[in-house]
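Q:
Numbering (this note's numbering), first residue to last: 66 to 817.
#1: Is it the case that the Cβ atoms of residue 716 and residue 723 are separated by a distance below 8 Å?
#2: Going by DSSP, what residue range makes up the alpha helix (DSSP H) through residue 701?
#3: Kindly indicate which three-state DSSP category residue 764 falls into: helix, strand or coil?
#4: How about residue 773 and residue 734: are their beta carbons less than 8 Å apart?
#5: Using a threshold of 8 Å, state whether the C-beta atoms of residue 275 and residue 187 are closer than that.
#6: Could you check what DSSP says for residue 221 in three-state terms: helix, strand or coil?
#7: If you run the structure through DSSP and keep just helix, strand and coil, what is residue 188?
#8: In the DSSP assignment, the alpha helix (DSSP H) including residue 445 goes from what residue to what residue?
#9: Hey, how far is the Cα of residue 427 from the Cα of residue 176?
#10: Evaluate residue 173 with the Cβ neighbour count: other Cβ atoms within 10 Å of its Cβ, from every protein chain shown; 16 or more gives buried, anything less gives exposed.
#11: Rounding to the nearest angstrom, what Cα-Cα distance links residue 651 and residue 659 in this structure?
#12: Indicate whether the contact test is met: 3 or more Cβ pairs, each with one atom in the segment 669-683 and one in the segment 760-771, closer than 8 Å.
#13: Output the boundary residues of the alpha helix (DSSP H) element that contains residue 580.
#14: Considering only the beta carbon of each residue, do residue 8 and residue 288 sit closer than 8 Å?
#15: With contact counted as at least three CB pairs below 8 Å, one residue from each stretch, are the segment 259-268 and the segment 137-156 in contact?
#16: Buried or exposed: which applies to residue 570, given that a residue is buried once 16 or more other Cβ atoms fall within 10 Å of its Cβ?
#17: Could you say which of 160, 396 and 371 lies nearest to residue 581 if we only look at CA atoms?
#18: Secondary structure at residue 394, three-state DSSP: helix, strand or coil?
#19: Determine the DSSP secondary structure at residue 367, reduced to helix, strand or coil.
#20: Would residue 525 and residue 441 qualify as a contact pair, given that the criterion is a beta-carbon distance under 8 Å?
#21: Can you tell me the Cβ-Cβ gap for residue 343 and residue 312, rounded? I've got them flagged as a contact below 8 Å.
#22: By Cβ distance below 6 Å, which residues in the same chain neighbour residue 809 in space, the five residues on each side in sequence not counted?
#23: Beta-carbon within less than 7 Å of residue 788's beta-carbon, same chain only, minus the 5 sequence neighbours each way: which residues are those?
#24: Would the beta-carbon of residue 620 fall within 8 Å of that of residue 636?
#25: Count the C-beta pairs between the segment 151-160 and the segment 189-203 that are closer than 8 Å, then say yes if the count reaches three, no if not.
#26: Grab me the residues of residue 713's own chain with a C-beta within less than 8 Å of its C-beta, minus the 5 sequence neighbours each way, in chain order.
#27: Could you tell me which of 438, 414 and 286 sits nearest to residue 547, measuring between CA atoms?
#28: Thinking just about the alpha-carbon of each residue, which of 794, 687, 691 and 124 is nearest to the one in residue 277?
#29: Would you kindly report the start and end of the unbroken alpha helix (DSSP H) that includes residue 807?
#30: Span of the alpha helix (DSSP H) holding residue 316?
#31: What's the C-alpha gap between residue 803 and residue 218?
#32: Name the residue from 424, 336, 310 and 474 whose alpha carbon lies nearest to the alpha carbon of residue 320.
#33: Taking only the alpha-carbon atoms, compute the straight-line gap between residue 364 and residue 212 and give it to the nearest angstrom.
#34: In terms of residues, what are the limits of the alpha helix (DSSP H) holding residue 125?
#35: Please classify residue 489 as buried or exposed, where buried requires at least 16 neighbouring CB atoms within 10 angstroms.
#36: My output table needs one value for residue 709: the three-state DSSP class, helix, strand or coil.
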């Protein structure tokens, strides 16, 4: 029996029992799928020459809003290896205004991974010409794939997983078939046995070739929120809140009026019970939507903060200091707190307050009661303004103390050696006393806003009913409405107080983290991806001078001045580095050697002059592509051993997680640099945790780690800044042989 085909959809066979792999959930072995199901993807495949069109169509159909530019076209060199293809897709996506994140999953988890990565570009490798599938979304357990005419078709996730895993399975299937034949497995059980054996053999194998598209962290926050569907969910949350609040008012009007009128009717009680029962699912919906909004908003905020921190210039990082950055991280939690419900609570409370005022206007005291509520709400806002000012002073004092504490910790050894004992704690008591006074002020404000004002309203609201009560006007129903309005207003004021205090905290935190938010959006649109052979100047390519074509790095009249300094560090420097050169740059301390190396490696941008890598400037290549081609090992105060494994510190400039060949090459370089004895002493070898909380490395071991890190990046040019200064003569000779053998083009900076 076969399923009936529908226009625009891929037909899938019935009978999961007879044809394993098409069941409701993905099975571990993808090779047992029927061949005609896998081949049905042919109509949806995009050829390699239309890869740029596939990226543009996928970004457009997914609502990512790509730039209105011509789709890039890959060159033949980009399809020779997975690394070259991945680099081109990354550059092409950036040119279109989106981001392509490479996804890797285990063989036995590839089906579930495909259901989570849409929109995504999938590389179909089966030995022939590279083909690609553009997955725009999911529909249940199926995927929606784009055709060349921008229409969509439904593809079972098992079919796509089978196509991806087919080259991997082909390596072990002959052996598995021989095992099944020798074991005389019956035909009806052979498919299940085949799946089990494939899962056992290939389960841990990592499958790549998938790129998930998303907006870059530096994109406008409004676009990112729309892509994450946050505004839609926020509107749904407010609508559910308004509906639940209206139902509460109706319950009070029906049941409360009946009780106070001494006319308790069974029908009104049933109506009230039904209204209350309707509130329950609305409350559940509110909790679910608020959780989604909070999680998605928090993820956007954290992603943008991290992107902004990585986009900061090196000079900005040095001028801020570790203490101020830690303070910014602490303040970013307040921004996240706003995403977790502070802003939503304030908006919802304002709506509740307006509804409560309308209810009070219909009560026994009339419009005067509603005006009293408005005046009370204005008093709450005024107290929140005072809370904001106190919070700002308290935050400034706390951040100053944090910065001072971190700087003291970092320079603790220097202070012990050079500062007098009597001045070690100078100024700490005064700062703590001032902080204590500010903390008391902010605690008083929080008590006033969070406790006194909502409870004080209950007294003021009931007191507002005294004039009509003493005058003997108003019915029991009117008093019931007024009492209900007082209670509803108390609840609204409590939410408003909490929401406004969160907004005040977030506004103060924004002053600290706004720099990181703005840094994430730095830079103009990146250039289109370049073909692999575009690494030379067109003018020189036309010339017949072979020596000119071999130039790798060229600098023409470079100048650079550090921020806050009158004297420039580099003035009108011109240098030409050809492929295979070994250059030794010597000079006195403070002469600008390290600054020049930072300019050549792309860590700093020159103030004037022209810097070309293979005939292209930094804007054309992009900062990331420049750093991939020029690897640097800066001096000790600008280089770090992170708290992680030794392998991570070696391969952090390479792909991660590493492949077996990456680890093998890293270990080989370590032995060549004389780190083999260190690896032998460490219990975990390359997996040994090093850094502040792990195995401590000596000065010479750190310098060789930095050298190995630069060499493992496989860059065209390697720049080593004072990397050999801490080595003894024997180790120096050994490390120098390794560097000269492995670096294609080498620049070494040293003292005379």
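Glycine is no exception: its CB is placed at the ideal position from the N, C-alpha and C atoms.
Computed from a predicted model, the values in this text were never measured in an experiment.
A: With the given structure in hand:
#1: By one-based count along the chain shown, residue 716 stands at place 651. By one-based count along the chain shown, residue 723 stands at place 658. Result yes, Cβ atoms of residue 716 and residue 723 sit closer than 8 Å.
#2: Reading the chain shown from its first residue, position 636 is the one you call residue 701. First-last for residue 701: undefined, no H or E at that position.
#3: Along the chain shown, read from residue 1 onward, the residue named residue 764 stands at position 699. If DSSP states are grouped into helix, strand and coil, residue 764 belongs with the helices.
#4: Within the chain shown, residue 773 is the residue found at index 708, counting from 1. Within the chain shown, residue 734 is the residue found at index 669, counting from 1. Taking 8 Å as the Cβ cut-off, residue 773 and residue 734 qualify as a contacting pair.
#5: The residue you call residue 275 lines up with position 210 of the chain shown. The residue you call residue 187 lines up with position 122 of the chain shown. Yes, the Cβ-Cβ distance between residue 275 and residue 187 is below 8 Å.
#6: Along the chain shown, one-based indexing puts residue 221 at 156. Reduced to three states, the DSSP call for residue 221 is strand.
#7: As a first step, residue 188 is located in the chain shown; it is residue number 123 there, counting from the start. Looking at residue 188 - three-state DSSP - the assignment turns out to be strand.
#8: By 1-based counting over the chain shown, the position of residue 445 is 380. First-last of the alpha helix (DSSP H) with residue 445: 432-475.
#9: Looking up residue 427 in the chain shown gives position 362. Looking up residue 176 in the chain shown gives position 111. Those two C-alpha atoms are separated by around 60 Å.
#10: Your numbering for residue 173 matches position 108 in the chain shown. Residue 173 should be labelled buried.
#11: Residue mapping note: residue 651 aligns to position 586 of the chain shown, counting from 1. Residue mapping note: residue 659 aligns to position 594 of the chain shown, counting from 1. Going by the C-alpha atoms only, they are around 10 Å apart.
#12: no
#13: Numbered from 1 along the chain shown, position 515 holds the residue referred to as residue 580. Taken as a continuous stretch (DSSP letters only), the alpha helix (DSSP H) holding residue 580 covers 541-584.
#14: Residue 8 lies beyond the range of the chain shown here (66 to 817); nothing can be said about it.
#15: no
#16: Position 505 of the chain shown, counted from the first residue, corresponds to residue 570. Counting Cβ neighbours within 10 Å, residue 570 comes out buried, since at least 16 surround it.
#17: Position 516 of the chain shown, counted from the start, is the residue given in the question as residue 581. The shortest Cα separation from residue 581 among 160, 396 and 371 belongs to 371.
#18: As a first step, residue 394 must be located in the chain shown, where it is residue number 329. Helix.
#19: As a working note, residue 367 is residue 302 in the chain shown. In the structure shown, residue 367 sits in a helix (DSSP, three-state: H, G or I).
#20: Looking up residue 525 in the chain shown gives position 460. Looking up residue 441 in the chain shown gives position 376. Their beta carbons are under 8 Å apart, which means residue 525 touches residue 441 by this criterion.
#21: If you number the chain shown from 1, residue 343 lands on position 278. If you number the chain shown from 1, residue 312 lands on position 247. Contact flag correct, Cβ pair sits at about 6 Å.
#22: Residue mapping note: residue 809 aligns to position 744 of the chain shown, counting from 1. Closer than 6 Å at Cβ, skipping near neighbours: 781.
#23: Translated into the one-based positions of the chain shown, residue 788 becomes position 723. The answer, listed in chain order, is 698, 768, 771 and 772.
#24: One-based indexing of the chain shown puts residue 620 at position 555. One-based indexing of the chain shown puts residue 636 at position 571. The answer is no: Cβ separation not under 8 Å.
#25: Short answer: they don't touch.
#26: Locating residue 713 in the chain shown gives position 648, counting from the first residue. Contacts found: 707 and 721.
#27: Working through the chain shown from its first residue, we reach residue 547 at position 482. When only C-alpha atoms are compared, the closest one is 438.
#28: Here residue 277 refers to the residue found at position 212 when the chain shown is read from its first residue. Checking every option, the nearest Cα to that of residue 277 belongs to 124.
#29: The sequence position of residue 807 within the chain shown is 742, counting from 1. From DSSP, the alpha helix (DSSP H) with residue 807 extends over 794-807.
#30: In the chain shown, residue 316 corresponds to position 251, counting from 1. Counting along the chain, the alpha helix (DSSP H) containing residue 316 begins and ends at 295-316.
#31: What you label residue 803 is simply residue 738 of the chain shown in a count that begins at 1. What you label residue 218 is simply residue 153 of the chain shown in a count that begins at 1. Computed Cα separation, rounded: 55 Å.
#32: As a first step, residue 320 must be located in the chain shown, where it is residue number 255. Among 424, 336, 310 and 474, the Cα nearest to that of residue 320 belongs to 336.
#33: Reading the chain shown from its first residue, position 299 is the one you call residue 364. Reading the chain shown from its first residue, position 147 is the one you call residue 212. Cα to Cα, residue 364 sits roughly 32 Å from residue 212.
#34: Here residue 125 refers to the residue found at position 60 when the chain shown is read from its first residue. Counting along the chain, the alpha helix (DSSP H) containing residue 125 begins and ends at 116-126.
#35: The residue given as residue 489 occupies position 424 in the chain shown. It counts as exposed.
#36: Along the chain shown, read from residue 1 onward, the residue named residue 709 stands at position 644. Reduced to three states, the DSSP call for residue 709 is strand.
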